[in-house]
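In case it helps, mature numbering (1 follows the signal peptide of the UniProt record, and there is no 0) puts the sequence shown at residues -35 to -1, 1 to 410.
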Amino acid sequence: MIDRNPLPFPAAAPTRRGLLALAGASLLVPAAARAELVIDLRGGSFQPMPIAIADFGGDGGVLVSGVITNNLKRCGYFLPVDKGRFPEKNPPFDAAPQFQAWQAAGVQALVTGRVAREAGRIRAEFRLWDVATGTQTDGQQYFTDPSNSRRVGHIISDAIFSKITGLGGFFDTRVVFVDESGTKENRRKRLAIMDQDGANVRYLTNGDVSVVTPRYSPVSQDVTFMSQRHGEQPRVQVLNIETGQRQIVGNFPDMTSSPRFAPNGQRVVLSLQQGGNANLYAIDIASRSTTRLTSTAAIDTSPSYSPDGSKIVFESDRGGQQQLYVMSAGGGEAQRISFGQGRYSQPSWSPRGDLIAFTRQGSGGFAIGVMRPDGSGERILTEGFHNEAPNWAPNGQYIMFFRDPGGETGGKLYMVDITGRVEVPVPTPAYASDPTWSPLLGGGR
């Protein structure tokens, strides 16, 4: 558990609060119904914000500030300033910095902090300074076990990211993925979990069965995935990450695949293959009651709920080629939403509800893109030889996917933002595929 409290302003600092603006970014203030700022995709002058993250004082402080620096750099919206350019080598924590000197060094935001040990716990504190206005815009203190030091760094990163951009945080999260080893002809696939920055990897399955398409619950530490033991039909399972308990979802004699949780975490929607076709079914995890959602001679698969649970987007070849369709979560008539060149698959509905991510195959390559739920506004974010499996961060601003360059190698994970300007690799121990993002961890692991 991590306890947090607002940090009082130092007496020497002004107390006016405000948001910093992203340097050079063209930002739109949305309508009142939408709280977050949105980067204007029409603008071409975006530049990351120069931000200085001072080494935190105290035992373990450098570890925390290092995590913050790495997070803010990787997200692409900030440019951490080299410490050699700092006008104050050790800016004070309990007093205002020398703002004019930091302005002259081209710094727009400054982060200071410290970590102290108290009765077997740590107290971590930080302040976020707006250099241009000479104000502290945020300050918090956190009390927790020393083993949570890296996680405190993620939580502080989220606080800084949200205060400056107006967007929800995503650093205090974990990612489940498929860890792949061995040759392509004899590949071992295990479920693994790590922090979103690639740290703290551990394995959830031992490789005795092959696993694909894991999907995190939006509300708990449960993951659903498809597993297959040699000589047996593939089955959809639910695994609780904390307890290790597993259960089979649905008692079907045929192959089940492509599971996805409902927003409340109480149901799983999946695809059931029967002969040459596949249809969608929703299953209540507790009662095991089953509802058939589609009934066609086509292959309906890869379902994904809207965040309010009212609709489902899925892929189907009912029109002769893989395309995306949207229908009511209870089934019924489906409306096609993809009309571009190529085949569309693996739709994933944004947690904000405003976009659907997808994989599009055509012209010898695979692209990751987004469109609005009605199919309008389609944009390609990244293209490559083999890009697949887009999955959203909980703030709806970033997408993780995997890219396989072909040959005898394997896939690697990447993160791209919804502007398409930011694309960075996500470190993993070996080859990796099928990433799925956790919700924000909140009060504890």
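All C-beta atoms in this analysis are idealised placements derived from N, C-alpha and C, irrespective of residue type, glycine included.
Nothing here was measured: the structure is a model prediction, and the numbers come from that model.
Cα-Cα separation between residue i and residue j, rounded to whole angstroms
| i | j | result |
| --- | --- | --- |
| residue 121 | residue 115 | 10 Å |
| residue 179 | residue 386 | 27 Å |
| residue 142 | residue 156 | 6 Å |
| residue 145 | residue 174 | 12 Å |
| residue 26 | residue 17 | 15 Å |
| residue 353 | residue 77 | 40 Å |
| residue 392 | residue 370 | 16 Å |
| residue 190 | residue 363 | 22 Å |
| residue 140 | residue 308 | 27 Å |
| residue 229 | residue 292 | 18 Å |
| residue 346 | residue 355 | 11 Å |
| residue 288 | residue 164 | 37 Å |
| residue 172 | residue 23 | 42 Å |
| residue 366 | residue 84 | 43 Å |
| residue 299 | residue 59 | 60 Å |
| residue 133 | residue 284 | 38 Å |
7 Å CB neighbourhood of residue i in its chain, flanking five on each side removed
| i | result |
| --- | --- |
| residue 294 | 270, 274, 275, 276 and 277 |
| residue 198 | 219 and 220 |
| residue 306 | 327 |
| residue 339 | 302 |
| residue 249 | 231 and 232 |
| residue -2 | Caution is warranted here: a pLDDT of 29 is assigned to residue -2, below 50, making its placement in the model unreliable, and no coordinate value can be reported. |
Outcome for residue i when other beta-carbon atoms lying within 10 angstroms are tallied against a minimum of 16
| i | result |
| --- | --- |
| residue 280 | buried |
| residue 119 | buried |
| residue 302 | buried |
| residue 411 | The requested residue 411 does not occur in the structure, where the chain is confined to residues -35 to 410. |
| residue 399 | buried |
| residue 265 | buried |
| residue 208 | exposed |
| residue 394 | exposed |
| residue 90 | buried |
| residue 184 | exposed |
| residue 376 | buried |
| residue -14 | Confidence in residue -14 is poor, its pLDDT being 35 and thus under 50, which makes the residue's placement unreliable; the coordinate value appears in the next sentence. It is buried - the Cβ of residue -14 has at least 16 other Cβ atoms within 10 Å. |
For residue j and residue i, believed in contact at Cβ under 8 Å, the rounded distance
| i | j | result |
| --- | --- | --- |
| residue 466 | residue 402 | With the chain covering only -35 through 410, there is no way to say anything about residue 466. |
| residue 212 | residue 203 | 5 Å |
| residue 237 | residue 258 | In fact, because the Cβ distance is near 10 Å, the residues do not count as touching under 8 Å. |
Other residues of its chain near residue i: CB distance less than 8 Å, five sequence neighbours each side excluded
| i | result |
| --- | --- |
| residue 35 | 162 |
Bridge partners - residue i, DSSP secondary structure assignment
| i | result |
| --- | --- |
| residue 278 | 269 and 291 |
| residue 246 | 235 and 257 |
| residue 387 | The partner list for residue 387 (beta bridge, DSSP) is empty, contrary to what the question assumes. |
| residue 42 | Note: residue 42 sits in no beta bridge, so no partner. |
| residue 205 | 187 |
Cut-off 6 Å between Cβ atoms - residues of its own chain near residue i, not counting five sequence neighbours on either side
| i | result |
| --- | --- |
| residue 389 | 39 and 380 |
| residue 205 | 187 |
| residue 225 | 180, 234, 268 and 269 |
Distance cut-off 7 Å: residue i Cβ against heavy atoms of the ligand FMN
| i | result |
| --- | --- |
| residue 30 | Annotation note on the ligand FMN: not contained in the displayed structure, which lists no ligands. |
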